[in-house]
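J.: Protein chains in written order, with our numbering: chain A, 96 to 209; chain B, 26 to 385; chain C, 53 to 263; chain D, 239 to 639.
Just dropping this structure here.
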């Protein structure tokens with residue numbers, strides 16, 4: 096029960112972030128569906144984001160201690176925006192791929208000609 | 026409440042009970058709103074169409090019609106089509122409903138009368154309102170029906186193009202008030218009618234109507250109710266739903282309608298501040314005393330609820346008057362008219378506040 | 053027993069987040085994957101809220117869950133037809149991925165534990181603490197005004213070198229902000245270009261039979 | 239991969255991939271009955287529309303070979319069940335043509351009166367349900383409120399509200415009850431503002447115009463080729479109305495009546511009333527024009543009813559004697575088309591001299607009007623299919639018979 100009584104620290108966030116990151120990596124590696132791979136990327140980015148926010152958070156730490164402060168949130172913000180852009184482009188690519196190959200199986204896209 | 030309970034039961038139980046009660050209060054609020062709106066819709070539709078609407082259940086005006094409807098829905102068989110993705114089919118209505126209920130978390134009904142005073146409440150409401158769509162998309166896909174799929178596709182396309190102008194419109198009052206906290210935005214419009222942000226400058230006046238258009242579209246009401254367009258898609262994403270689950274979607278729609286007009290009321294129409302500062306005249310302000318503050322807030326809440334209902338009424342009025350747009354026309358409205366208008370209004374309001382920071 | 057409610061909610065949300073992330077990996081149905089991903093990312097937004105970054109949490113909900121995932125679901129529906137909805141991965145690949153992932157997780161957890169000492173003393177009443185505004189400093193930070201570091205000069209506990217470093221960080225992110233804005237526009241145009249309907253290459257089996 | 243497989247599964251898959259084959263109906267809110275429209279759609283864009291009919295087939299024509307003409311009248315009621323009076327009239331006139339009957343003056347005016355009221359009632363349904371097809375519910379209620387008033391009048395006349403069997407061979411079943419004409423006039427007086435209301439809610443509504451203008455454009459040649467008649471034909475600018483251009487044994491019923499044939503000729507509609515202007519977006523032959531023609535015809539019919547009331551009052555009190563149920567028919571055949579609300583309704587009777595016709599046949603206008611839908615819907619959006627279908631104003635009872 097100590098988890099419930101102890102205050103949450105940076106470590107906790109990092110663990111969750113690491114887990115999301117690994118899930119994303121496995122997802123990217125193991126899925127055959129192009130959109131599944133995309134989802135893996137989203138998970139990875141979110142794992143990283145969680146770390147950024149945790150490092151910059153003032154709730155998890157005293158004001159005085161060193162940290163990246165607002166930079167963490169700013170970077171996370173950039174990541175979110177970029178992730179949105181990435182999703183749009185990747186999805187467009189996936190749709191295009193689907194139009195030319197009639198499948199979204201990434202294993203079948205082994206020739207360069209469209 | 027938790028403080029009171031702490032003296033009787035263990036602390037964790039006290040907190041949990043308090044949390045549960047508060048959560049239940051929110052859900053009940055959402056349900057009440059849905060029930061009242063449902064009844065109102067029937068009455069308004071009836072009057073517009075030169076008939077009476079419900080008249081029997083619960084007295085002269087059919088007050089209890091919503092209850093009767095609810096009972097009927099509960100008693101109906103809950104069908105799940107054979108080709109459906111059963112898990113998602115079951116989960117979808119609750120996704121919508123949870124999102125709609127969460128909206129009430131951040132919607133203040135009066136100065137400080139809010140479940141969770143977020144400093145980015147506008148943002149939160151817009152974000153969670155977008156979540157509601159997810160339930161619709163899931164429902165459309167999981168039903169395993171082509172009509173539902175059409176509905177879901179339309180919804181997805183519509184929402185992606187709709188959230189942008191809506192957010193742009195919400196940005197303008199936020200910019201003028203200099204805060205995303207709804208309580209602060211509301212308090213800023215204290216006093217006379219002229220303090221309302223809709224009358225702040227010509228651009229906010231324009232924005233209000235753009236917001237109204239996008240708001241109607243974002244809650245899927247006619248003339249933008251393409252996701253369920255009954256004459257084209259049978260019932261769109263709700264085609265395969267029946268009974269209670271259908272009712273859940275229905276309630277989510279009304280609950281979010283109310284919140285979205287509540288957001289309009291706070292952002293543009295002065296929130297809980299009436300057109301004339303009655304509360305100040307009566308001395309019901311915070312510095313007079315807690316009771317006076319409470320009374321003032323109560324007055325404000327009535328004001329706010331009135332404005333929300335007014336927004337809902339306008340949406341009903343639109344629904345029962347206008348034909349439905351086509352999907353490409355909806356997209357045109359959003360992308361070709363609303364976004365440029367909102368952008369112009371944003372720049373204009375920026376210029377105005379720069380030139381006349383004090384207002385006029 | 054005095055429960056730290058902040059920790060309680062953190063654990064709850066974190067567990068849900070991780071569980072749904074795992075579900076994304078395990079599930080083979082693409083639509084369900086999208087659904088789990090939504091829940092997982094929603095959980096991340098919750099974690100952001102708990103870390104005091106409520107603007108970011110809202111942004112996460114709006115952009116990710118509201119925007120990106122709707123887009124994703126759209127893509128799923130456009131491409132997911134019965135045979136493609138669930139594509140099974142070969143067991144060998146699973147094993148490989150699991151091993152690699154497990155190793156990575158081990159390393160990352162090691163790192164995470166090593167920063168454990170950063171965990172502050174913690175304030176049990178975090179939830180009741182009044183919310184700090186996060187949007188304004190973020191916005192100011194983007195254009196170069198770092199409200200969180202304005203008092204650098206008056207801080208006695210910092211060495212001269214640290215102060216220098218902090219002032220260097222005052223520059224903000226204006227350039228990055230501009231770049232990302234342009235980037236977004238380019239991406240939108242590019243995506244629209246890529247996804248626009250093209251003449252189909254006639255695959256022999258992809259034509260509907262004449263009826 | 240499933241792609242390489244053959245068999246029915248692949249077919250299903252292929253249809254799914256590129257094009258969605260959806261059944262609009264037979265249980266669909268906007269097919270106006272039990273019509274099944276198979277829509278082949280690529281996303282929202284429709285590539286092919288095939289109407290499937292026959293769900294309401296009741297062997298009406300076969301029954302007609304086994305009953306006498308007067309006994310068949312109730313069956314004609316059930317063809318265009320929204321305008322039963324006009325169906326009765328068509329059959330009655332056809333058999334009268336065979337019998338070479340002459341009707342007294344009063345019966346003639348009474349028939350005009352009833353037929354034009356039936357036309358108003360039918361066009362009201364068309365307008366109301368068209369609003370419904372486009373997502374506007376309220377005009378439907380307004381239209382049906384007015385239609386109910388007409389049905390009340392019909393009920394006073396013959397005791398039925400849907401299947402009247404009132405106009406019969408040799409006249410009508412009974413003369414008008416006392417006080418009926420006054421009630422009819424009262425209805426007409428209050429009806430005019432309602433037309434303006436409908437114009438405001440539909441015809442000139444911006445969204446309505448966007449939903450109907452340039453949608454389902456039917457060129458006049460195509461309309462004639464497909465045998466379209468009635469408002470569908472006139473909406474394409476062909477000035478053709480059997481009340482004016484039909485056979486003498488039909489047009490003599492309308493002798494001396496003033497009315498305009500509503501069609502846009504030389505770029506303008508006959509302007510004897512105040513109408514909303516034709517919007518710039520609309521082109522001749524689109525859904526908007528078809529709707530507009532109906533709305534204007536309602537006004538014409540109101541005028542005809544007023545004239546008929548006046549003439550009926552002046553005519554001697556004799557509205558004909560219906561033939562006996564068992565009356566033998568002369569050997570021979572007769573075919574007559576009348577201008578029913580939905581188009582030209584043709585009836586044919588062939589007799590071998592017995593009381594029961596050797597062959598009874600009906601030619602349905604809705605059938606031809608519906609057949610043009612695959613032409614009109616090619617390349618439109620899914621949302622336009624109800625819009626086009628509604629503008630054709632079909633009734634399945636008449637198509638399937």
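A virtual CB, placed ideally from N, CA and C, is assigned to each residue, including glycine.
Could you tell me whether the Cβ atoms of residue 110 of chain B and residue 167 of chain B are closer together than 8 Å?
T.: As a position in the second chain, residue 110 of chain B is number 85, starting the count at 1. As a position in the second chain, residue 167 of chain B is number 142, starting the count at 1. In this structure, residue 167 of chain B lies closer than 8 Å to residue 110 of chain B by Cβ.
J.: My output table needs one value for residue 138 of chain B: the three-state DSSP class, helix, strand or coil.
T.: Start at 1 with the first residue of the second chain, and residue 138 of chain B comes out as number 113. Three-state DSSP puts residue 138 of chain B in a strand.
J.: Going by the DSSP bridge assignment, what does residue 428 of chain D pair with across the sheet?
T.: What you label residue 428 of chain D is simply residue 190 of the fourth chain in a count that begins at 1. According to DSSP, which records beta bridges pairwise, residue 428 of chain D is partnered with nothing at all.
J.: What three-state label does DSSP hand residue 640 of chain D in the structure shown?
T.: Given that chain D is displayed from residue 239 to residue 639, the structure contains no residue 640 of chain D and the question cannot be resolved.
J.: Based on the DSSP secondary-structure assignment, which residues constitute the bridge partners of residue 588 of chain D?
T.: The sequence position of residue 588 of chain D within the fourth chain is 350, counting from 1. BP columns for residue 588 of chain D point to D:571 and D:597.
J.: Of all the options D:518, D:461, D:519 and D:392, which has the alpha carbon lying nearest to the alpha carbon of residue 324 of chain D?
T.: Mapped onto the fourth chain, residue 324 of chain D falls at position 86. Answer by Cα proximity: D:392.
J.: Per DSSP, residue 280 of chain D is paired with what?
T.: Looking up residue 280 of chain D in the fourth chain gives position 42. BP columns for residue 280 of chain D point to D:283.
J.: Decide if the region 126 to 146 of chain B is in contact with the region 206 to 216 of chain B; the criterion is three or more beta carbon pairs, one per stretch, under 8 Å apart.
T.: Touching, per the Cβ criterion.
J.: Taking 8 Å as the threshold (C-beta atoms), are residue 172 of chain A and residue 190 of chain C in contact?
T.: Mapped onto the third chain, residue 190 of chain C falls at position 138. Mapped onto the first chain, residue 172 of chain A falls at position 77. Closer than 8 Å, so yes.
J.: Could you name the residues of chain B that residue 380 of chain D contacts, counting a contact when the two beta carbons are closer than 9 Å?
T.: As a first step, residue 380 of chain D must be located in the fourth chain, where it is residue number 142. In chain order: 74 and 75.
J.: Output needed in chain order: residues of the region 73 to 85 of chain C with a Cβ under 7 Å from some Cβ in chain B.
T.: From the region 73 to 85 of chain C, only 83 and 84 have a Cβ closer than 7 Å to chain B.
J.: Roughly how many angstroms separate the alpha carbons of residue 174 of chain B and residue 106 of chain B, rounded to a whole number?
T.: Residue mapping note: residue 174 of chain B aligns to position 149 of the second chain, counting from 1. Residue mapping note: residue 106 of chain B aligns to position 81 of the second chain, counting from 1. Rounded to the nearest angstrom, the two C-alpha atoms are 14 Å apart.
J.: Looking at the secondary structure, which residues open and close the alpha helix (DSSP H) in which residue 99 of chain B lies?
T.: As a first step, residue 99 of chain B must be located in the second chain, where it is residue number 74. Element bounds for residue 99 of chain B: 90 to 100.
J.: Is any beta-carbon of chain C found at less than 8 Å from that of residue 58 of chain B?
T.: Locating residue 58 of chain B in the second chain gives position 33, counting from the first residue. False, the Cβ-Cβ gap to chain C never drops below 8 Å.
J.: Any beta-carbon of chain D closer than 8 Å to the one on residue 210 of chain B?
T.: Here residue 210 of chain B refers to the residue found at position 185 of the second chain. No, its Cβ sits nowhere closer than 8 Å to a Cβ of chain D.
J.: For the pair the region 545 to 555 of chain D and the region 502 to 517 of chain D, tell me if three or more CB-CB distances fall below 8 Å.
T.: Counting Cβ pairs under 8 Å, fewer than three are found: no touch.
J.: Leaving aside the five residues before and after residue 133 of chain A along the sequence, list all residues of the same chain whose C-beta is less than 6 Å from its C-beta, in chain order.
T.: Taking the first chain and counting its residues from 1, one reaches residue 133 of chain A at position 38. Cβ within range, chain order: 185.
J.: Leaving out the 5 sequence neighbours to the left and right, which residues in its chain are closer than 6 Å to residue 52 of chain B when beta-carbon positions are compared?
T.: The residue you call residue 52 of chain B lines up with position 27 of the second chain. Within the same chain, residue 52 of chain B has close Cβ partners 126.
J.: Can you tell me whether residue 145 of chain C is helix, strand or coil according to DSSP?
T.: Position 93 of the third chain, counted from the start, is the residue given in the question as residue 145 of chain C. Note: residue 145 of chain C maps to helix in three-state DSSP.
J.: Quick one: Cα of residue 45 of chain B to Cα of residue 445 of chain D, how far?
T.: As a first step, residue 45 of chain B must be located in the second chain, where it is residue number 20. As a first step, residue 445 of chain D must be located in the fourth chain, where it is residue number 207. The straight-line gap from Cα to Cα measures roughly 47 Å.
J.: Give the interface partners of residue 260 of chain D over in chain B, defined as CB-CB distance under 9 Å, in chain order.
T.: Indexing the fourth chain from 1 puts residue 260 of chain D at position 22. Neighbours of residue 260 of chain D on chain B, chain order: 171, 172 and 175.
J.: With a CB to CB cut of under 6 Å and the five nearest residues on each side skipped, what residues in its chain are close to residue 499 of chain D?
T.: For this step, residue 499 of chain D is matched to residue 261 along the fourth chain. 477, 479 and 482.
J.: Give, in chain order, every residue of the region 134 to 147 of chain B whose Cβ lies closer than 8 Å to some Cβ of chain C.
T.: Answer in chain order: 142, 143, 144 and 145.
J.: What residues from chain A crowd round residue 96 of chain C, counting only those whose CB sits closer than 8 Å?
T.: Counting from 1 along the third chain, the entry for residue 96 of chain C is found at position 44. Here the neighbours are 115, 141, 144 and 145.
J.: Give the DSSP-derived three-state secondary structure of residue 500 of chain D in the structure shown.
T.: Reading the fourth chain from its first residue, position 262 is the one you call residue 500 of chain D. Of the three classes helix, strand and coil, the one that applies to residue 500 of chain D here is coil, per DSSP.
J.: I'd like to know whether the C-beta atoms of residue 439 of chain D and residue 75 of chain B end up nearer to each other than 8 Å.
T.: For this step, residue 439 of chain D is matched to residue 201 along the fourth chain. For this step, residue 75 of chain B is matched to residue 50 along the second chain. Their beta carbons are not under 8 Å apart, which means residue 439 of chain D does not touch residue 75 of chain B by this criterion.
J.: Which residue comes first and which comes last in the beta strand (DSSP E) that contains residue 262 of chain D?
T.: One-based indexing of the fourth chain puts residue 262 of chain D at position 24. Residue 262 of chain D -> beta strand (DSSP E) spans 258 to 262.
J.: If distances are taken between C-alpha atoms only, which option among B:40, B:282, B:377 and B:224 comes closest to residue 59 of chain B?
T.: On the second chain, residue 59 of chain B is found 34 positions in, with the first residue counted as 1. Per the Cα distances, B:282.
J.: Would you kindly work out how many angstroms separate the C-alpha atoms of residue 161 of chain A and residue 152 of chain A, rounded to a whole number?
T.: Along the first chain, read from residue 1 onward, the residue named residue 161 of chain A stands at position 66. Along the first chain, read from residue 1 onward, the residue named residue 152 of chain A stands at position 57. At residue 161 of chain A the pLDDT is 49, less than 50, meaning the model places this residue with poor confidence; the figure from the coordinates comes in the next sentence. Spanning the two alpha carbons is a distance of roughly 11 Å.
J.: Please state whether DSSP places residue 486 of chain D in a helix, a strand or coil.
T.: Residue mapping note: residue 486 of chain D aligns to position 248 of the fourth chain, counting from 1. Residue 486 of chain D: helix per DSSP, three-state reduction.
J.: For residue 643 of chain D, write down the residues that DSSP places opposite it in a beta bridge.
T.: Nothing in the structure corresponds to residue 643 of chain D, since chain D is present only between 239 and 639.
J.: Quick check on the burial criterion: 16 or more other C-beta atoms within 10 angstroms. Buried or exposed for residue 262 of chain B?
T.: As a position in the second chain, residue 262 of chain B is number 237, starting the count at 1. With 16 or more Cβ atoms within 10 Å of its Cβ, residue 262 of chain B is classed as buried.
J.: Roughly how many whole angstroms lie between the Cα atoms of residue 521 of chain D and residue 441 of chain D?
T.: Taking the fourth chain and counting its residues from 1, one reaches residue 521 of chain D at position 283. Taking the fourth chain and counting its residues from 1, one reaches residue 441 of chain D at position 203. Those two C-alpha atoms are separated by around 14 Å.
J.: Can you look up residue 177 of chain C in the DSSP assignment and give me helix, strand or coil?
T.: Position 125 of the third chain, counting from 1, holds the residue named residue 177 of chain C. Low local confidence applies: a pLDDT of 41 at residue 177 of chain C is under 50, so the model's placement there is unreliable, with the coordinate-based value given in what follows. Looking at residue 177 of chain C - three-state DSSP - the assignment turns out to be coil, as it is neither helix nor strand.
J.: So, does the CB of residue 62 of chain C fall closer than 8 Å to a CB anywhere in chain B?
T.: As a working mapping, residue 62 of chain C is identified with position 10 in the third chain. Answer no: the Cβ-Cβ gap between residue 62 of chain C and chain B never drops below 8 Å.
J.: I'd like to know whether the C-beta atoms of residue 581 of chain D and residue 450 of chain D end up nearer to each other than 8 Å.
T.: Position 343 of the fourth chain holds residue 581 of chain D. Position 212 of the fourth chain holds residue 450 of chain D. Cβ atoms of residue 581 of chain D and residue 450 of chain D: not closer than 8 Å.
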